[in-house]
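Participant:
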Amino acid sequence: MTQLERLRARRNEILKEITALEQMRRGSVVEQFVKTVKADGSIVRRGPYALYSYKEKKKTVSRRVSDPELVKVYRRQ
């Protein structure tokens, strides 16, 4: 087997691996906690809220994801 044939075989293996990949999404999902002040002055930490962050036109965009099933999908991607 020549080097060219080996390279073509390796290329085909890589292409098969790429086609086997699941859907991918840019960005990340993190848990967000928010501190709020109650009427009596005490501080309460609320959360966790799922937050999906990604870059769009050189700026960071963050969106809360409220559906638990959608959070699982975003984390898997």
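Using my numbering, the first residue of the sequence shown is number 1294, and each one after it goes up by one.
By construction, the Cβ of each residue, glycine as well, lies at the ideal position given by its N, Cα and C atoms.
(1) Determine which residues share a DSSP beta bridge with T1353 and list them.
(2) Quick check on this structure: which residue in M1317, I1307, K1365 and L1344 has the alpha carbon closest to the alpha carbon of R1357?
(3) In or out: V1330 buried (at least 16 other Cβ within 10 Å) or exposed?
(4) In or out: V1354 buried (at least 16 other Cβ within 10 Å) or exposed?
(5) Where does V1322 land, buried or exposed, given buried means 16+ other C-beta within 10 angstroms?
Facilitator: Taking the coordinates as given:
(1) K1348
(2) L1344
(3) exposed
(4) exposed
(5) buried
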